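As they're listed, the protein sequences go chains A and B. End of the first sequence = 440 in the working numbering, gap-free, step of one. End of the second sequence = 440 in the working numbering, gap-free, step of one. Glycine residues also receive a C-beta, built at the ideal position from the N, C-alpha and C atoms. Since the structure is predicted, the reported quantities are computational estimates derived from the model, not experimental observations. The structure appears below as C-alpha cells.
There are 2 protein chains.
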Amino acid sequence: MDHADRPDRPVTSAWVTVDLVIFTVRDDALQVLLVERGKEPFQGRTALPGGYVGTDEGLEQAARRELWEETGVDSHDLHLEQLGGYGTPGRDPRGRVVTVAYLALGPEMPEPVAGTDARRAHWTPVEKALDDEGRHLAFDHAVILRDALERARKQLEYTTIASAFCTEPFTISELRHVYEVVWGQPLDPSNFRRKVLKAERFVVATGQRTASVAGRPAALYRRGEKKLLVPALLRAGEE
Amino acid sequence: MDHADRPDRPVTSAWVTVDLVIFTVRDDALQVLLVERGKEPFQGRTALPGGYVGTDEGLEQAARRELWEETGVDSHDLHLEQLGGYGTPGRDPRGRVVTVAYLALGPEMPEPVAGTDARRAHWTPVEKALDDEGRHLAFDHAVILRDALERARKQLEYTTIASAFCTEPFTISELRHVYEVVWGQPLDPSNFRRKVLKAERFVVATGQRTASVAGRPAALYRRGEKKLLVPALLRAGEE
DNA sequence: GGAATAGTGTCTGTGAGACAGTATAGG
DNA sequence: CCTATACTGTCTCACAGACACTATTCC
Numbered sequence: 202m203d204h205a206d207r208p209d210r211p212v213t214s215a216w217v218t219v220d221l222v223i224f225t226v227r228d229d230a231l232q233v234l235l236v237e238r239g240k241e242p243f244q245g246r247t248a249l250p251g252g253y254v255g256t257d258e259g260l261e262q263a264a265r266r267e268l269w270e271e272t273g274v275d276s277h278d279l280h281l282e283q284l285g286g287y288g289t290p291g292r293d294p295r296g297r298v299v300t301v302a303y304l305a306l307g308p309e310m311p312e313p314v315a316g317t318d319a320r321r322a323h324w325t326p327v328e329k330a331l332d333d334e335g336r337h338l339a340f341d342h343a344v345i346l347r348d349a350l351e352r353a354r355k356q357l358e359y360t361t362i363a364s365a366f367c368t369e370p371f372t373i374s375e376l377r378h379v380y381e382v383v384w385g386q387p388l389d390p391s392n393f394r395r396k397v398l399k400a401e402r403f404v405v406a407t408g409q410r411t412a413s414v415a416g417r418p419a420a421l422y423r424r425g426e427k428k429l430l431v432p433a434l435l436r437a438g439e440e
Numbered sequence: 202m203d204h205a206d207r208p209d210r211p212v213t214s215a216w217v218t219v220d221l222v223i224f225t226v227r228d229d230a231l232q233v234l235l236v237e238r239g240k241e242p243f244q245g246r247t248a249l250p251g252g253y254v255g256t257d258e259g260l261e262q263a264a265r266r267e268l269w270e271e272t273g274v275d276s277h278d279l280h281l282e283q284l285g286g287y288g289t290p291g292r293d294p295r296g297r298v299v300t301v302a303y304l305a306l307g308p309e310m311p312e313p314v315a316g317t318d319a320r321r322a323h324w325t326p327v328e329k330a331l332d333d334e335g336r337h338l339a340f341d342h343a344v345i346l347r348d349a350l351e352r353a354r355k356q357l358e359y360t361t362i363a364s365a366f367c368t369e370p371f372t373i374s375e376l377r378h379v380y381e382v383v384w385g386q387p388l389d390p391s392n393f394r395r396k397v398l399k400a401e402r403f404v405v406a407t408g409q410r411t412a413s414v415a416g417r418p419a420a421l422y423r424r425g426e427k428k429l430l431v432p433a434l435l436r437a438g439e440e
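This is the structure we're talking about:
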C-alpha cells in the first residue's frame, strides 16, 4: 500500500479479533460459554471466548477455529452466524482492536475443555452473566452479549434455528422447551405442536418414540431442511 | 501490546475500512449510490463508497463521515445500520483489509457531490448494479450489495423503515410504492392501506392533503414512532 | 385406579387476500 | 359526461389463542 493511497486524516492499522457468543440450553436456562482471562488486560475477569484472526484466515474460519480450541466442539455440529463488528475506540486498552462477533447455537455440550492458554471455560446462565448490566465482563462483551441475546430471540421467531439447540432426535416438547427458555415465557403445548407440524419440513418425523420415563411416549423428530419460518412464531407482548 | 500477548499462529494487523450501501427509491426503481474509483486498486472500476476508519473514530462514526463526504447527506436524515464485517483474505490486493459494511436508507436525494478525491458518484438501479452477478464491481462489493438488498427486503417486512425512503409528508400510495419497488411485486392498495393504518403509529396523519395532480387528493402522513411492525407485512411467495 | 405427559379436537376472534363499490379531483 | 386516483366496505378463508378432551405410559 503506497502512501498516496492513504487518506488525509490519521489512519492506523488495527488488530482484528473474533469473539464468540456460544449459547446452549442447560438446566432449564439459556447459558453462554464464558472464559476466565489468564492474562492482561482484564486478567482474571470473565469474557467471551475469542482470539486473534490469523494472517491468511477468514473471519468465519477464525471463529470456527476458536470455537474448536475453546470448547472442542466441531462447528459443523452447530449453527454459526455473524453478529457484527465492534470497533469503538478504547474498547481494548492495548490499542485499536476491532472485533467481529459470532453467534453460535448448539445442543447441550459436554463441559468445555481447558482452553489453549489454560483459561477456565464454563457455562453460565445468560441472566446471571448480565447481572449488574454485565459490568463484570471484560471489554465491551456485555454489549455484544446483549446484542446476541436479542438476535437469538428474534431468530427463534422467524427461523427454525431453535432446533439447533436440540440433540437429534428430539421431541416436540423439547423443542417447545427451547422457546420457553429463550423467550422466558410459557407456550401453549397444543398450539405450539400444531404450528410446528403445520410448517412443512420444520421437523421430520423419525417414526420412533421415546422410551418414556413418565407418561405417554413422545414421537421423535429430526431437523427439517426448512430454514425460514413463515408464518412466524411470534412471542406474546412484542411491540 | 507486548509479545507475550500474541498467539502462536502468525498474526498481522489489518487496515479497517467502512463501506456504505446507500439505497434510495428513484424513477420507480431501488437505486444504490456507486462511485468510480480514482486510484488503484480497481482504478476506474465501480465500487461502493467507503474509506478508512480514523485512529480515534468509531465504526458508525466513520460511516456517517463517509456518507457526508461522499454524498453531502447528513446521516441524521436517514436510517443507518450495520450490515456486518467482511474480511476474506485477499479481498483487497493491498493486503489485509477488513471492512465493516453499513446500510443506509434515505428519501430521494440530490445528485451526489463530487467526492473528496474527485471520484464520480452516481445513482444506479440495484438490478443493473448486479448485472452479470455484479462482477464489474470492485473488491467483494457484489457480495456486500446482495447482502444489503436481502437485508433491506427483510426489514420492510418486520419494521417500519420503508418510511425512511419517503420524504415527509408522504401519502400511503407513496409508501406502498416503496414496497412495490423494493420487493418487485405489486401490492393491493386497499389491503395495504388497511394494514398500515391498523398498525398504530406506523404513520401519523398530518390532516393535510396533496394538491392533486390527477384524481382525488390524498391524505398526507409523517413517520410514526413505531419501529417494529407486528404483525409483519409479508411478501408473497416466500419460503 | 391415579399421576404424568403426549396428542386431538373445537370454538372464537382477528387478520389477509380478493374485489366491489363510493368519493373527489381534473378535463 | 369520463378518467384517474383515493378511500371504504364486505366476503371468505386461514390461522392463533384458549381450552376441553382423549391416549398411553409408569406407579
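Three-state secondary structure (DSSP) of residue i
i          : result
Ala-365(A) : helix
His-204(A) : Note that His-204(A) scores 35 on pLDDT, short of 50, meaning its location in the model is unreliable and no value can be drawn from it.
Ala-215(A) : strand
Arg-423(B) : strand
Ala-437(A) : coil
Counterpart residues of residue i in DSSP-defined beta bridges
i          : result
Thr-223(B) : It should be noted that the sequence gives Ile, not Thr, for residue 223(B). Note: Ile-223(B) sits in a beta bridge opposite Ala-305(B).
Val-298(A) : Trp-216(A)
Leu-429(B) : Thr-360(B)
Outcome for residue i when other beta-carbon atoms lying within 10 angstroms are tallied against a minimum of 16
i          : result
Leu-350(A) : buried
Gly-251(A) : buried
Thr-368(A) : exposed
Ser-391(B) : exposed
Thr-407(A) : exposed
Val-397(B) : buried
Arg-424(A) : buried
Gln-232(A) : buried
Gly-291(A) : exposed
Gly-245(B) : exposed
Arg-265(A) : buried
Leu-430(A) : buried
Ser-276(B) : buried
His-323(B) : exposed
Val-327(B) : buried
Asp-220(B) : buried
Entirely within the region 358-420 of chain A and at least 4 residues each: give me those alpha helix (DSSP H) ranges in chain order. 373-384 and 390-399
Quick one: which unbroken alpha helix (DSSP H) runs of 4-plus residues sit fully inside the region 219-293 of chain B? Chain order, please. 260-272
Unbroken stretches of the beta strand (DSSP E), 3 residues or longer, contained in the region 320-351 of chain A: 322-326
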